[in-house]
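Chain order of the listed sequences is A and B. Residue numbers 791 to 1260, in this note's numbering, belong to the letters of the first sequence in order. Residue numbers 2 to 225, in this note's numbering, belong to the letters of the second sequence in order. Down below is the structure, laid out as structure tokens.
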Amino acid sequence: MIRISANTQAALADQKLQRNLRQTLSKTLHSRNEAVSDVPNWEELRQYARDVKTHTLSRLADYLLELEGKVSEQGGRVIWAETGQEAVQFVLDLAHEKRVAKIVKGKSMLSEEIHLNESLERAQIEAVETDLGEYIVQLATEAPSHIIAPALHKSRGEIADLFVAKLGMAPSQDAVEITKTARKLMREHFLTARIGITGVNFAVAETGTIVIVENEANVRLSVSVPEIHIALMGIEKVIPRTSDLAVFLKLLVRSATGQTMSSYVNFLNGPRRNGELDGPREFYLVLLDNGRSKILADDFLRQTLACIRCGACLNVCPVYQRIGGHAYGSTYQGPIGAILTPQLRSLEEAPEHAYASSLCGACYEVCPVKIEIPHILLRLREKVQGEKNQKAAHLPFEKLAMQVWAWVMCSPSRYARLGRWLRILQKNFEENGKLKLPFPPFNRWIKHRDLPALPARSFKELYSSSEKQP
Amino acid sequence: MLEKVRRACDQAEGVELPGQSPQFPQYTDPVAKFRQELERTGGVFFDARQPKELPAVLTSVMKQSDSTEIYWEDEQLFQRHGLPFTLRNPEAFAKGFLVYSFHFRQEMKLPILLNSKRYERSELARVSLSASSAGLGVAETGSVVHEVRSGAGRLLSVLPPAHVVFLSEKDLLMNHAELFRSLPLGQYGSALTLVTGPSRTADIEKTLVIGVHGPKQLFVILTS
Ligand code: SF4
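As structure tokens, then:
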């Protein structure tokens, strides 16, 4: 079971983390807002993209079939993987069959989701992450802390130290030097690896094209040099038409990094063809379910699958801004992680994710495909509570407390009297304007929250005393 | 698995696939917009719509990329952008970095490596500047489209530290709506890349660093 609450205190107390989060997130948010204010019909684009997604998800099976048909026509092979384990097994079997010792990887959240690297390592196959951020966290043997910027929690100094310690880089705090070191090292890997594994941002059903967005050119290299390319995608990534890409790319890139366009958008149609000088000779597209069809089956929760993984909701979330990505203890962090994790896995495994939000609504405002994250969070909370209630049919105390509360609230005089009593009572527990209540159920509630003491005079008293003055 | 997916969305209430694409911006001077956007990403723009500019432009590209030779993508590039006729003047390249001509049109006195047949990875990794022709360009974002076709490959435009792209003015589109209406996905080759500026990263404290795994320099030469 993942316990976010067990991680938050440490995250909040980590001064370095707090500084890194503050610095990088404010930069990202700023450029995102600039890039979006540049587009007068942003709302129209959002609605369009959402409609395309809603439509596609309602006919997902048909579009996946169409995609498979087109990919096969072009000499690629489609693998249907119902679980992460099946997808991993496919990669392992292929690597063994081809006697591959080294794999280069482009950034793929799906590969994190199915813990591919761990399995490859166990099978003694070297898997090199080629995206710089992803490589940094791999070197540090950590998990990514942000779906777009995996090493966002690390400062330049920490990264430099890591490169000096692990790669023997000459001491330098310069981001350019660090990047140079990575470029040189990675070249070797690119030229010797025999399988390239990447994620997928979109897959176009009508043409069988997979689309991968990137800035560094590590994906371009991963799909050009090795003789085999394996692309991993969740079944929700398919879109019907090429023409829809104009809108999706505009929304994705501006939301994710605040650029007008990423350096490279790769459109790949199967393996190399006759006469082409390079490119993979074999192309495999893995379609992964891993819990997605379960989400698809719920009319309201289905929209979770519209997500294009732009990361904007993380950047804008007051909870993510304070606790960072690792505290979520899951592949996907922030608001999207909060709704996706308990659905992909189960509410028993991730019972706290739905509560890791203040429900401020910023994630919905910023989401380029208008996913109603706050409402989904509430729905999930309902489910968690429903399960709890079923298990503990008793709860007589809570019921009684609510009945008393209702009775008090129904009469102004009862309410005022209760206030007066509480004001007298609280004197024993007050400390600097806050209440310290060291007994249940209050002690649990105030463990992570402040309970302010009631002010000396109620609003009603203040109001009537001011009325008396002329 | 497909059955499971089908059952899951069987009852789903879908909306129709939207027909009309939202508006994308139009520009009175698409070339100026293209240039502005390209330069914003760190790319370098050259206007060679007057063919007589080409020698000077190429000289400048080679100087800026500190290169003495160019690896050309294919012969078509010369015809398409009118190169053989304008570059016949050897003096244009007599400025110190005229090293050698490589089994292609000796009389051009242009340091050339042609990729077909001699496509060696080790050689590619050594090249400092490569050239290709863009199928399309987009003013909205300063992007060019690189297509892989028979006789060409994916690596030439990505391995060298500097890359120069020839774009003809008639192939410059306004915006991405136009682009994706006419993008020939999968029709000619197995890969197509939309390139916008040089390779970059912001993975270290969101600080922009140009040139990670791909070209550090991207030049675009606009021809007529
Ligand atoms: S939920 Fe929306 S904002 Fe968050 S990552 Fe997905 S698309 Fe982006």
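Even for Gly, the Cβ is constructed at its ideal location relative to N, Cα and C.
Residue of the options minimising C-alpha distance to residue i
i: S1248 (chain A); options: A:G896, A:I869, A:E824, A:S1203; result: A:S1203
i: L855 (chain A); options: A:E996, A:F992, A:E932; result: A:E996
i: L1215 (chain A); options: A:L1190, A:R1234, A:I1236, A:L1244; result: A:L1244
i: G215 (chain B); options: A:S1053, A:A1021, A:T1032; result: A:S1053
i: L922 (chain A); options: A:R1092, A:R912, A:G896; result: A:G896
i: Y1122 (chain A); options: A:L1091, A:R1213, A:P934; result: A:P934
i: I1020 (chain A); options: A:R1010, A:I987, A:P1030; result: A:I987
i: H1165 (chain A); options: A:P1186, A:A1128, A:G1176; result: A:A1128
i: I794 (chain A); options: A:I926, A:E1139, A:S1255; result: A:E1139
i: D1034 (chain A); options: B:L209, B:L173, B:A178, B:A9; result: B:A178
i: G1209 (chain A); options: A:E1155, A:E1251, A:R1239, A:L1241; result: A:E1251
i: R1171 (chain A); options: A:N797, A:Q1133, A:V1028, A:P1158; result: A:Q1133
i: S1073 (chain A); options: A:Y925, A:C1157, A:S1014; result: For the sequence presented, residue 1073 (chain A) should be read as Phe rather than Ser. Per the Cα distances, A:S1014.
i: Q9 (chain B); options: A:K1084, A:G1119, A:H1143, A:L1078; result: Contrary to the premise, residue 9 (chain B) reads as Ala rather than Gln in this sequence. That would be A:K1084, whose Cα lies nearest to the Cα of A9 (chain B).
i: L835 (chain A); options: A:A1036, A:P1228, A:S848, A:E1142; result: A:A1036
i: A1154 (chain A); options: A:L884, A:V1106, A:S1201, A:R822; result: According to the sequence provided, residue 1154 (chain A) is Tyr. The question's Ala does not apply to it. Among A:L884, A:V1106, A:S1201, A:R822, the Cα nearest to that of Y1154 (chain A) belongs to A:V1106.
i: R1112 (chain A); options: A:L1078, A:R1099, A:S1147, A:C1097; result: A:S1147
i: K1178 (chain A); options: A:V1194, A:P830, A:L1137; result: A:L1137
i: I222 (chain B); options: B:L193, B:V159, B:G44, B:P185; result: B:G44
i: A192 (chain B); options: A:N1059, A:P1228, A:S909, A:L957; result: A:N1059
i: E916 (chain A); options: A:V1198, A:S901, A:G1065, A:K892; result: A:K892
Beta-ladder partner(s) of residue i, from DSSP
i: Q1175 (chain A); result: None; Q1175 (chain A) has no bridge partner.
i: S191 (chain B); result: Beta-bridge pairing links S191 (chain B) to no other residue.
i: R867 (chain A); result: A:Y1074
i: F25 (chain B); result: The partner list for F25 (chain B) (beta bridge, DSSP) is empty, contrary to what the question assumes.
i: L168 (chain B); result: B:L223
i: T818 (chain A); result: Note: T818 (chain A) sits in no beta bridge, so no partner.
i: M959 (chain A); result: Paired residue(s): none; M959 (chain A) is not in a bridge.
i: Y1054 (chain A); result: A:E1004, B:V196
i: I1019 (chain A); result: This sequence places His at residue 1019 (chain A); Ile is not what is there. Paired residue(s): A:G986, A:F1073.
i: D1 (chain B); result: Residue 1 (chain B) lies beyond the residue range present for chain B, which begins at 2 and ends at 225; the question has no answer from this structure.
i: V210 (chain B); result: B:T202
i: P1242 (chain A); result: A:K1224
i: L173 (chain B); result: B:G138
i: T999 (chain A); result: A:V994
i: V1013 (chain A); result: Answer by DSSP bridge pairing: none, since V1013 (chain A) is not bridged.
i: A917 (chain A); result: A:I893
i: V146 (chain B); result: B:L137, B:L195
Residues near residue i by beta carbon distance below 6 Å, same chain, minus five either side
i: S945 (chain A); result: N810
i: V1076 (chain A); result: I869, A871, A877, L1022
i: N225 (chain B); result: Here residue 225 (chain B) is Ser; the residue named in the question, Asn, does not match the sequence. So the qualifying residues of the chain are R50, E170.
i: K118 (chain B); result: Residue placement at K118 (chain B) cannot be trusted, given a pLDDT of 43 that sits under 50; the coordinates are not used to answer.
i: P888 (chain A); result: The sequence given here places Lys at residue 888 (chain A); Pro does not occur at that position. Closer than 6 Å at the Cβ level, and outside the excluded window around K888 (chain A), lies no residue.
i: T87 (chain B); result: With a pLDDT of only 39 at T87 (chain B), under the threshold of 50, the placement of this residue in the model should not be trusted; the figure read from the coordinates follows. These residues qualify, in order along the chain: P52, L55.
i: M1051 (chain A); result: V1043
i: V165 (chain B); result: V62, A132, F220
i: H104 (chain B); result: Because the pLDDT of H104 (chain B) is 28, which lies under 50, any placement of that residue in the model is unreliable, and the question is left without a value.
Sequence-distant residues of the same chain with beta carbon closer than 8 Å to residue i, five excluded per side
i: R1071 (chain A); result: E1017, I1018, P1061, R1062
i: P1242 (chain A); result: G1223, K1224, L1225
i: V213 (chain B); result: S200, R201, T202
i: A1246 (chain A); result: R1213
i: H943 (chain A); result: L807, N810, L811, S935, H936, G1114, G1115, H1116
i: R1169 (chain A); result: F1090, L1091
Beta-carbon proximity list for residue i, same chain, < 7 Å, skipping 5 on both sides
i: L906 (chain A); result: V878, V881
i: Y1110 (chain A); result: L1104, Q1123, G1124
i: F1057 (chain A); result: T999, V1001
i: R1082 (chain A); result: G1024, I1025, E1026, L1095
i: E1006 (chain A); result: D921, L922
i: E924 (chain A); result: K897, P934, P940
i: V861 (chain A); result: V868, G998, G1060, L1075
Neighbour flag for residue i against chain D, beta carbons, 7 Å
i: I205 (chain B); result: Protein chains in the displayed structure are A and B, and chain D is not among them.
Discussion item. Give me the subset of the region 8-30 of chain B whose CB atoms are less than 8 Å from a CB atom of chain A, sorted by chain position.
Written reply: Flagged, chain order: R8, A9, C10, Q12, A13, E14, G15, V16, E17, L18, P19, S22, P23, Q24, F25.
Item to complete: Using a Cβ-Cβ cut-off of less than 7 Å, give me the residues of the region 796-825 of chain A that come near chain B, in sequence order.
Response: Of all residues in the region 796-825 of chain A, only Q813, T814, K817, T818 come within less than 7 Å of chain B when Cβ atoms are compared, listed by chain position.
Discussion item. Any C-beta of chain B within less than 8 Å: which residues of the region 961-982 of chain A qualify?
Written reply: Those would be A965, V966, I968, T969, A972, R973, M976, R977, F980, L981, in chain order.
Practice prompt. Anything in the region 866-896 of chain A with a Cβ closer than 7 Å to a Cβ of chain B? List those residues in chain order, please.
Written response: Within the region 866-896 of chain A, the residues whose Cβ lies closer than 7 Å to some Cβ of chain B are W870, E872, listed in chain order.
Worksheet item: Just checking, does the region 951-968 of chain A make contact with the region 202-214 of chain B on the three C-beta pairs under 8 Å criterion?
Response: Cβ pair count under 8 Å is three or more, so yes.
Worksheet item: Pairing CB atoms from the region 3-22 of chain B with CB atoms from the region 1075-1091 of chain A, are three or more of them under 8 Å?
Response: Flag = yes, the region 3-22 of chain B and the region 1075-1091 of chain A touch.
Discussion item. Could you check whether the region 16-33 of chain B touches the region 134-152 of chain B, counting it as contact only if at least three pairs of C-beta atoms, one from each stretch, sit closer than 8 Å?
Written reply: With the cut-off at 8 Å, the region 16-33 of chain B and the region 134-152 of chain B touch.
Discussion item. By the 8 Å beta-carbon criterion, what residues does the region 187-200 of chain B contribute toward chain A?
Written reply: Result list: G187, G190, S191, A192, L193, T194, L195, V196, T197, G198, P199, S200.
Item to complete: Determine which residues of the region 1005-1027 of chain A have a Cβ less than 8 Å from any Cβ of chain B, and write them out in chain order.
Response: Per Cβ criterion, the list reads N1005, E1006, A1007, N1008, R1010, L1011, V1013, S1014, V1015, I1025.
Fill in: chain B contacts made by the region 1060-1071 of chain A, where a contact means CB separation under 8 Å
Hits within the stretch, in order: G1060, P1061, R1062, R1063, N1064, G1065, E1066, L1067, D1068, G1069.
Item to complete: Using a Cβ-Cβ cut-off of less than 7 Å, list which residues of the region 142-171 of chain B approach chain A; keep chain order.
Response: Hits within the stretch, in order: T142, S144, V149, S151, G152, A153, G154, R155, L156, V159.
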